[in-house]
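Quick note: to get this note's numbering, add 281 to the position in the sequence shown (first position is 1). We put the beta carbon where it would ideally sit given N, CA and C, even for glycine.
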Amino acid sequence: MRRESQKDVVRCRSIELPGLRKSVGLADGANALHPDRLDRWRQVDHPTGTVEVLERIIAQCSVRRRVEVRGGPRDPGRRSSDVTHVHSSLVHLHEHAQACSSIVAVARLPSRTTARRAQWKSGYDRIVEGQPAAGKRAPSRVNTFPSVVFGSVGRNSPIDDNVRSTLAADVIVANAPDPVFVCDLRGKILEANAAVSQLLGLRRDEVLEQSVSRFLSPPETQEFVAAVREVVDRGVTRNLRLNPGSASGEVIPTTLNASALRDGAGHAIGVIGILRDMRELDKARAYAESLIKNAPDPVFVSDLRGKILQANDAVFALLGFRPDEVIEQSLSHIISPEETREFIAALREVVERGVTRNVRLNPRSASGEVIPTTLNASALRDPDGTVIGAIGILRDMRAYERVVRDLEESRRELREADKAKDHFLAMVSHELRTPLTAMLGWARLLRVGFQDAVRAARGLEVIERNTKLLAQLIEDLLDVSRIVTGKLRIEPRQVDPVAIVEAAIEAVQGVADAKEIELDTFLDPDAGPLLADPDRLQQVAWNLLSNAIKFSPARGRVGIRLERAGSLARMTVFDDGVGIKPELLPHIFDRFRQGERSSGGLGLGLAIVRHIVELHGGAVRAQSAGERQGATFTVELPTLNETGTVAAAAPLPGEGAARTRLTPLRGVKLLVVDDDADTRELLSMILQEAGAEVASAGSANDGLAAFERQRPDVLVSDIGMPDGDGYSLIRRVRQLEGESGTRVPAVALTAFARAEDRGEALGSGFQAHLAKPIEPSELTALIARLIV
282 MRRESQKDVV RCRSIELPGL RKSVGLADGA NALHPDRLDR WRQVDHPTGT
332 VEVLERIIAQ CSVRRRVEVR GGPRDPGRRS SDVTHVHSSL VHLHEHAQAC
382 SSIVAVARLP SRTTARRAQW KSGYDRIVEG QPAAGKRAPS RVNTFPSVVF
432 GSVGRNSPID DNVRSTLAAD VIVANAPDPV FVCDLRGKIL EANAAVSQLL
482 GLRRDEVLEQ SVSRFLSPPE TQEFVAAVRE VVDRGVTRNL RLNPGSASGE
532 VIPTTLNASA LRDGAGHAIG VIGILRDMRE LDKARAYAES LIKNAPDPVF
582 VSDLRGKILQ ANDAVFALLG FRPDEVIEQS LSHIISPEET REFIAALREV
632 VERGVTRNVR LNPRSASGEV IPTTLNASAL RDPDGTVIGA IGILRDMRAY
682 ERVVRDLEES RRELREADKA KDHFLAMVSH ELRTPLTAML GWARLLRVGF
732 QDAVRAARGL EVIERNTKLL AQLIEDLLDV SRIVTGKLRI EPRQVDPVAI
782 VEAAIEAVQG VADAKEIELD TFLDPDAGPL LADPDRLQQV AWNLLSNAIK
832 FSPARGRVGI RLERAGSLAR MTVFDDGVGI KPELLPHIFD RFRQGERSSG
882 GLGLGLAIVR HIVELHGGAV RAQSAGERQG ATFTVELPTL NETGTVAAAA
932 PLPGEGAART RLTPLRGVKL LVVDDDADTR ELLSMILQEA GAEVASAGSA
982 NDGLAAFERQ RPDVLVSDIG MPDGDGYSLI RRVRQLEGES GTRVPAVALT
1032 AFARAEDRGE ALGSGFQAHL AKPIEPSELT ALIARLIV
């Protein structure tokens, strides 16, 4: 029978094994130390082969065999000298392979204490406990591991729990890549690995036996003590931020992971602390925060539940919230529940699949506005690669959607324009064929000959009426063509608007009488005078009256009023006819629009009216309460005042009958300023032909000098000149006049012919605006009116 196990302890020096390069992981060592594994080892009394292996290993190693035996009886089968010198013959390791793996496993566990089972020849089992050799340093080619202490490990005497706890703590401390320390419950550091010394810049002996409070500020010491109490009492792991001071005085930002160290009975005997140097991470975080803060787009960071942790100024500007109203708030408080679910689903996909998701969100701003945005969401990971949240980049889509709406509106208008053009061409064909049918039919009947003179006269009347209608249609088409190409022109002169309106009434009276329509008129004799083209102005009045009669029922009522409204002459035409649909009213003056197809016509009359009125510097508008509510058209034109100032409309370049007769300008002193020599010569010849005395200049500066030398009766100036334009010239002229108190009439003569160009010229100080090329008669007539 095997003798009862005794607990003798043998202390040995470190064993150095050259050539042991094979890596053995921590798990191998941990499993080798497991008591269940130790208990399963077989007891072999005389494993000769194992003894031979051990002898070869010892022969290659630097081993101090002197030992001391503490406790336990002396083996009765051995002499005293045998006890004090351990030889390979005294120790048996169970099995060849087991011996090798034991030595290698110990070599890879740089702890101060480890354990293996061995046996005295007499049958005593021992645990071998290792201590490093003091001052002994292994060569670079040699792996050094702790030597071994033997103690009993019989099936009924497992390793002491405190020993196992100590072994485990030593293994963790020595092998952790981060700074790790063990302290007692009062905060005294009992153990620390090399990473702690490196972090603090201290030697190991300057760290051990020191209180943690030595390296922390008082508030952080209190926080650490509270954390120790919590991990001990509640059995939890605590993470806290600490800033220990190093030997150089540097405050090092770290995070501490603290957990309790317990003995075999489960009693807390200390705390294991794992530090993480946060300097590089803090720099990276600060850099990332700087990128987010300065990003032009709204950027925010959320946790995995959608709570906003960080946001840049662009987010606050977009939403109109203060930072405290956004940070630590859930995204759900600014988006709808449905969008919240969509965002959480996108967040889950980002986390689980590592993809980037684009989501359409419509957050509500502080003012309640729903802002269309797109969200680009990607995973936010910690240094270990663990997903800890999401980064969201918002893109304000309001401008984009406006562009899309404008494009859609442009497409719609283009489609409508194409449709209107096609409809217009069909109407042109219809409107031309209708009078031609009557004309051709009656012409053929008359060619055959009528015995009835009344019928013949009726035929001639039909032909004449349809000829006039056809001529009017053609004239409207030509007017539209001139409008489109910018060639519709007017020949303004001083006119009495009352006479013009009376002529228009007379022209439509027959048609009104035929429908038994009552014409109400009110013509204010003080409404004028106007600077206008009488033919075009009569065309406006006739067109509006014709439309009113056309769209009024038989025995209806049509009225026209002409009155003075401040500096304007206002003409109003109204009827009680079919009215205008609300959807048509904004487009009533567009080309190819027609309020009522059954009434016939090309839908061009009102477009021509608007263009003629605008050429005269006026405006026209339409009003209607709806269908069968009648309609009212109002035209307002500028009048000539007592000083002769007029907001004359600019005639556009084009065709038409030229007025060859020049208005006499005998004795009138004129100054012509134009940078083009040919134009100056032409203008001088025209004005001299009219009898004026003409001085000319080729630039604004020369013109001002000529103006100062001899003040003219009228100034005629170009606008676009290289060295000072006409606007600067007229401003300087008006400054000179401000000193003398007189104002010289001025005409802007320019190729800039837009309505806004005309407005700018009149606003700068010119009394009239004429567009190039000019009609000589128009120029002389205008100058004559200005000096009246």
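Range of the contiguous beta strand (DSSP E) that encloses residue i
{"i": "H868", "result": "That residue, H868, is in no beta strand (DSSP E); it is neither H nor E in DSSP."}
{"i": "E917", "result": "912-919"}
{"i": "V1025", "result": "Unbroken run through V1025: none, as it is neither H nor E."}
{"i": "I1068", "result": "Run containing I1068: none; DSSP gives neither H nor E here."}
{"i": "S659", "result": "654-662"}
{"i": "T802", "result": "799-804"}
{"i": "M852", "result": "849-856"}
{"i": "V532", "result": "Here V532 belongs to no beta strand (DSSP E), and DSSP marks it neither H nor E."}
{"i": "H892", "result": "Where H892 is concerned, there is no enclosing beta strand (DSSP E), although the alpha helix (DSSP H) it sits in stretches over 886-896."}
Exposure of residue i, with buried meaning 16 or more beta-carbon neighbours within 10 Å
{"i": "P773", "result": "buried"}
{"i": "D956", "result": "buried"}
{"i": "L1067", "result": "buried"}
{"i": "N828", "result": "buried"}
{"i": "G530", "result": "exposed"}
{"i": "H614", "result": "exposed"}
{"i": "S848", "result": "exposed"}
{"i": "K831", "result": "buried"}
Residues bridged to residue i (per DSSP)
{"i": "V975", "result": "L951"}
{"i": "I555", "result": "V461, N538"}
{"i": "E472", "result": "V463"}
{"i": "A592", "result": "F581"}
{"i": "E844", "result": "R851"}
{"i": "Q479", "result": "Partner(s): none; Q479 has no beta bridge."}
{"i": "Q904", "result": "T913"}
{"i": "G673", "result": "F581, A658"}
{"i": "L996", "result": "L952, A1027"}
{"i": "A1049", "result": "V1028"}
{"i": "L812", "result": "Q775"}
Contacts around residue i, its chain only, beta-carbon distance under 7 Å, and the 5 residues preceding and following it disregarded
{"i": "V821", "result": "V890, I893, V894, V916"}
{"i": "A813", "result": "P773, V776, H897, L918"}
{"i": "P945", "result": "A971, G972"}
{"i": "R662", "result": "V668, I669"}
{"i": "G740", "result": "W723, L726, L727"}
{"i": "P1057", "result": "L943, I967"}
Pair within 9 Å by beta-carbon distance, residue i and residue j
{"i": "G554", "j": "F496", "result": "no"}
{"i": "G837", "j": "K796", "result": "yes"}
{"i": "T518", "j": "P460", "result": "no"}
{"i": "L537", "j": "F505", "result": "yes"}
{"i": "F914", "j": "V854", "result": "yes"}
{"i": "Q1048", "j": "A1027", "result": "yes"}
{"i": "L521", "j": "A539", "result": "yes"}
{"i": "L628", "j": "G666", "result": "no"}
{"i": "G670", "j": "A660", "result": "yes"}
{"i": "P653", "j": "E682", "result": "yes"}
{"i": "S977", "j": "P1003", "result": "no"}
{"i": "L951", "j": "D1006", "result": "no"}
{"i": "R634", "j": "N657", "result": "no"}
{"i": "S998", "j": "V953", "result": "yes"}
{"i": "V1025", "j": "R992", "result": "yes"}
Same chain, Cβ closer than 6 Å to residue i, five either side skipped, listed in chain order
{"i": "Y1008", "result": "S1045"}
{"i": "K469", "result": "S492"}
{"i": "A549", "result": "V513, A541, R543"}
{"i": "G911", "result": "D856, D857, G858, G860"}
{"i": "Q904", "result": "T913"}
Run of the alpha helix (DSSP H) containing residue i, from where it starts to where it stops
{"i": "S827", "result": "815-831"}
{"i": "N524", "result": "Where N524 is concerned, there is no enclosing alpha helix (DSSP H), given that its DSSP letter is neither H nor E."}
{"i": "N643", "result": "Segment: none, N643 is in no alpha helix (DSSP H) and carries neither H nor E."}
{"i": "G635", "result": "Premise fails: G635 is in no alpha helix (DSSP H) and is neither H nor E."}
{"i": "I1055", "result": "Note, I1055: premise wrong, no alpha helix (DSSP H); not H, not E."}
{"i": "L612", "result": "Per DSSP, L612 belongs to no alpha helix (DSSP H) and is neither H nor E."}
8 Å Cβ shell around residue i - same chain, five flanking residues per side excluded
{"i": "N824", "result": "G886, L887, I889, V890"}
{"i": "R790", "result": "Residue 790 is actually Gln in this sequence, not Arg. These residues qualify, in order along the chain: L800."}
{"i": "V779", "result": "L804, D805, P806, A808, G809, L843"}
Any chain D beta carbon closer than 9 Å to residue i
{"i": "P815", "result": "As a matter of chain content, chain D is missing from the structure shown, which is built from one protein chain."}
Heavy atom of the ligand ADP within 8 Å of residue i beta-carbon
{"i": "L769", "result": "Questions concerning the ligand ADP fall outside what the structure shown contains, since it holds no ligand whatsoever."}
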